[in-house]
Amino acid sequence: MDPPQPATQQAIEEQRAIRKKQNGGKANNTRPSLASEDKEQDQAPPIHDNEGPSTKPPKTQNKPRKMVKTPAEAPEARRESVSLEAVELIEPSGMRGPKQTKHGKNRAKQGKETRKQEKIDGAEVKQATPRRASGWHDAPTRDPPSVDTDDAVVDAEPPMEANSRPPGRNKAMKQASRKSTTAPGVTEHASPLVPSAPAPPSSTKNRKKGKANGTSKDATTSIDESAEATTDVNTATLPTTAQRKQPKKTKKQPDAVLVAASTTSEATETQSHDNQRPRPKRIATNIAYVAPAGARLNDKGGKRSAKDTRKSVFEAHLSPKDAAEGLRSGKLLSGDMRVNKHNRNDAYVSIPGLEFDIYIDGTIDQNRAVDGDTVVLSILPQSEWRTKDAKQSPSSSAMTSSLDFSTTLRALWNPLVHASPREATAAAVAPIELEAHVAALQAKLVQSKLQPTAKVVHILERKGDSYVGVLRAGRDALLFDAVDKRLPRGMRIQRELLPSDFKFDPKSASLCMCTLGTWSPAHRSPNANFVKFVGPAASVESDILGLLTTNNLLGHLEPFSPEIEASLPTQDWCISDDELARRRDLREWMIFSIDPPTARDLDDAMSIRHVRDDVFEVGVHIADVSHFLTEGSALDMVAQERCTSVYLVHTVLPMLPRVLCEQLCSLNASVDRLAFSVLWHMRTDGSMVAESPIWFGKTVIRSCCQMDYGTAQRILDGDRTSTPWPRAPTGGHSTDSIASCVEQLGTIARARRRQRFETGAIKLHRPKLSFQLDDNGDPVAMNEYPIRESNHLVEEFMLLANYLVAQRLIQHGTAVLRHHLPPETSKWENAWRQLEKFGLTMDPTTTTLTAWLATLEQERGSFVLQTTRHFLTKPMTTAEYIIAETLTDEHRHYALNLPYYTHFTSPIRRYADVLVHRLLEASLATDATSSPVVLLEKTILQCNFQKRNSKAAQQSCDNIYLARYIHRTGALRTTAAVVGVGTRSFTLMLLAFGFEQRINASDVGTKYAFDKLTETLRVTTNEGATIPLSLFQEIQVELTTTGSYPLELVYSLVPQ
């Protein structure tokens, strides 16, 4: 489409006449009413720190205006500097423009700095401010709000879409696209030019801080930002110089001017960023109402009254009656809202029957809901739906392997159960209207690139969690900033509501616990209810309490009730004769455990005995926790709630009382213990003996040795005697006999592991940090936790035991399975397309992923291997527990390449394993009167929920101790890989630490520029060095910490 031509003087005069007529013959000194506006644009000035709406009268400011020279076709026309609310991006086919950055207060400064002369479609635009190299942006001198670190694997919430927009979006800009008219004198093109009305200017207080008028902290953009999205500018109908000349006014604000400009479509940006979608083709329209600085406007273009300034920031919620009626009629939808940990402006709600989650864009549309709330949604018009990544031809490297491993797999696993065809999933019972509404939505999504968007209109149920954060002083109240970055900052706590014994010291950071209070539509942050003082922010205990609260694990700190304590057996408990008679006695067998040297809760032990020729009997013996954990008891209810033990750097928060998990259930050496055992026959090549039966049963064992991984590794390396064993064998067993058993197990495990990965199993290892603490609990040394062949030995036999138990449960009825879905196709293919740009391709017809990665390490080195692993880990889904009554193809475990799998081997620390033990015992029962095991869907969901929370807490704890280690020892340099590049930010994978971090370019440099052709972000550091950043680049990073608590990592680029 040809670009619109600049307006002539005749067109200008015609526009002036039209405006004069619309104003009843009066001069066009006021802003015309635009049909695209609606009431939400006329909101109160941004409310900061929840101090309420500003009631001060606007301050008159008659600042000189910067002039922009227009094209030669209209030499007399000049354009005033355009306020940032003046830019509206209109996208064809329902595409939406880029979101806006939350660092608006700094970007507003950037908007004042213009670029040197540029030829844009033949129109020379000169800027009145000092010249600067095109494409460069000065970084703000003040640090922007910190950005959350993100987890590399998708867990609790959907990841931010690849190449998604920067955080934030101005609500007024979204509303302007819902209704549109063509401004007088502007030619209408294929995509209508939608005039954009400005949001109200900020208060006097915020203007002094340099914030752009009419913007908020999380919904702001700048002139420079719009320049990146819109490059081809032509001047449309503009007022003449004569129109702009106005007499001086002393008591009135200067009259306003309507300025319009149109732009042509822009080619799709192809930059890759882990959290930024490619910007689609769009047609941008700059139609600006340029108001004098400090002017306050109402929805008709006039100055705002005091009454206007009190309008709400958020829409009022529907009444419960109206919300219920909307849900009954199918016009509204409901679900639990999930907020992205990386960016609180992105929220999602899953609706049964829809292919994609409903997307909620920005805090305004979230309408005072927080993560975990059950909300009622109103779907926005399709023109405001989000555009997903465009369909591309599939990558050949991403295709499923076509190699036939059936013979090897049968030998490795000897499967006895075969999956039935996929069952049709029954639709949830719902009103006919709701079914029709969801079906209509789904029909629009089939084979499309659209994701529905919605806004919250009612909150059915608050999550009701407590939050830990830092207190700071406000003007007339204390302000609470939660550690959880998904919550708004500056939650207000009235001083008179604080406990009398609590003394706030503004000079030292204090952590406290709060809950959400009332939240007025006029305030951007809610009130908070003070719960208790946690401790000084400098204390590691306060940090740990904060991460446990954030991850819903605070219940692990609560002591067990007196009722539970009274029901527990004493430490001198012993196995009764009746119990011995019901079990198989294996106390004379050579059974031993291999665990970390500091482990106290020993779940598993192993044994191996030679049967004949090349056949061995392998045994896996697991602590019989279900014997002590009676179903339905008070202790069982607590274990159901906790679902998992939480392993932190300095301690373990157990699922069960320590008398059980560390003593009576733990398979300690030299004591009789109750166990659940699985015995099977194997060959040294790792294959199963198909004709030999598999034995399951309850046993009594006596471990003869508590071995650590280091000792087992020395045995596998052929060194039996050079180093004394930390724990000598007992029960008359020698070190040589146990070492022989370890070597036999090692031979079988080595063969199995090789064949497993040759037949399609996947292992994408991620480093884990290990810290050495001093007597005060402070980290004094740090390294990567070693994974050796001895770890692999134990892993292989635990995997096989879990598989055999899953098979037994499926053969006898209902099973709790561990289910792992394949990666999402589009994300998996996108990861391979990124790798193919650097010559990394795999032929699935000739090799497997694991074999390809091994070859890659040999040919390209460790750096390329680790970076490639990261790209392939991102699309992976998270394994979950499910209840299965009939085995189908959907129950496969993708990473293990198994038709079924479960968790049986860790009942001391996982409640799901306890359920599996009960089901296994029921499958072995010969008494027809035995009661069935109760399996509730909510229990399985809780197991999944708490497992994710536990993993997130462990990673957060590692980061806390990493920051404290660096704070104690000084700056640390490390190697990182660039795994995402955007126009203003980039993402690094810190190879030694196993986590990624997104970094704003303005945080590490004085200026930066993005080259779309090479997809390179060039950052100039404070030292003056320019560092180009592109995907797969290896760079050096220096880590330091903030000077105040809670400590956060600070990243600096090191020139090479």
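Per the UniProt record's numbering: the sequence shown = residues 1 to 1056. Note that CB positions come from ideal geometry on N, CA and C, so glycine has one too. A quick note: this is a predicted structure, and the numbers were derived from the prediction, not measured.
Under the three-state reduction of DSSP, T975 is assigned to strand. Inter-residue distance for M337 and E617 is about 51 angstroms (C-alpha atoms, whole angstroms). Less than 8 angstroms divides the Cβ of V534 from the Cβ of M513. Membership of Y359 in the beta strand (DSSP E) is indicated by the continuous run 358 to 361. Across the structure, T1006 and G1024 are spaced so that their CA atoms are roughly 8 angstroms apart. Under the Cβ criterion (8 angstroms, minimum of three pairs), the segment 562 to 581 does not count as touching the segment 535 to 549. Secondary structure in the segment 311 to 360: the beta strand (DSSP E) runs of 3 residues or longer, each lying completely within the stretch, are 333 to 339, 346 to 349 in chain order. The Cβ neighbour count for T723, taken over all protein chains shown within 10 Å, is under 16; the residue is labelled exposed. Counting other Cβ atoms within 10 Å of its Cβ, K532 stays below 16 and is therefore classed as exposed. By a beta-carbon distance limit of 8 angstroms, F863 contacts A977. Their separation comes to about 7 angstroms.
Residues of the same chain with a CB within less than 8 angstroms of the CB of N802, apart from the 5 flanking positions on each side, are R818, Y901, T902, H903, F904, T905 in chain order. Contact between G839 and A751 is absent: CB atoms are separated by about 34 angstroms, not below the 8 angstroms threshold. A direct Cα-to-Cα measurement between I1035 and A739 gives close to 45 angstroms. Annotation for H733: no beta strand (DSSP E) segment contains it, and DSSP assigns it neither H nor E. For P693, no beta strand (DSSP E) run applies, since DSSP gives it neither H nor E. Taking each of S1030, S319, S312, Q366 in turn and checking the Cα distance to G335, the smallest one comes out for Q366. The residues L547, in chain order, have a CB closer than 6 angstroms to that of S956 in the same chain once the five nearest residues on each side in sequence are set aside. Contact between I591 and S607 is confirmed by a C-beta separation of about 5 angstroms, below the 8 angstroms threshold. Under the DSSP definition of a beta bridge, P1028 partners with R1018. In the displayed model, R752 falls within a helix according to three-state DSSP. Under the three-state reduction of DSSP, W680 is assigned to strand. With a contact defined as Cβ atoms closer than 8 angstroms, Y709 and P875 miss out at about 32 angstroms. Using a Cβ-Cβ distance cut-off of 8 angstroms, the segment 449 to 469 and the segment 371 to 379 are in contact, since at least three pairs of beta carbons, one from each stretch, lie closer than that value.
Residue state for Q772 is assigned as strand, using DSSP reduced to three classes.
By the Cβ test, the segment 747 to 762 is not in contact with the segment 692 to 699, since fewer than three Cβ pairs between them sit closer than 8 angstroms. Of all C-beta pairs linking the segment 410 to 422 to the segment 804 to 811, three or more are shorter than 8 angstroms, placing the two stretches in contact. C-alpha of L479 to C-alpha of P488: approximately 11 angstroms in a straight line. With a threshold of 16 other beta carbon atoms within 10 Å, M682 meets it and is buried. Taking a 10 Å sphere around the C-beta of I940, we find 16 or more other C-beta atoms and assign the residue as buried. Of the candidates L516, E937, W413, L516 places its Cα closest to the Cα of V468. The alpha-carbon separation between P657 and Y911 amounts to approximately 13 angstroms. Counting the other CB atoms within 10 Å of its CB gives Q858 a total below 16, which places it among the exposed residues. In this structure, W680 lies away from S670, with their beta-carbon atoms at least 8 angstroms apart. Of all C-beta pairs linking the segment 818 to 834 to the segment 876 to 887, three or more are shorter than 8 angstroms, placing the two stretches in contact. Unbroken alpha helix (DSSP H) runs of no fewer than 4 residues, entirely contained in the segment 511 to 555, are found at 540 to 550, following chain order. Minimum Cα-Cα distance from E355 among the listed residues H317, A347, V438 corresponds to V438.
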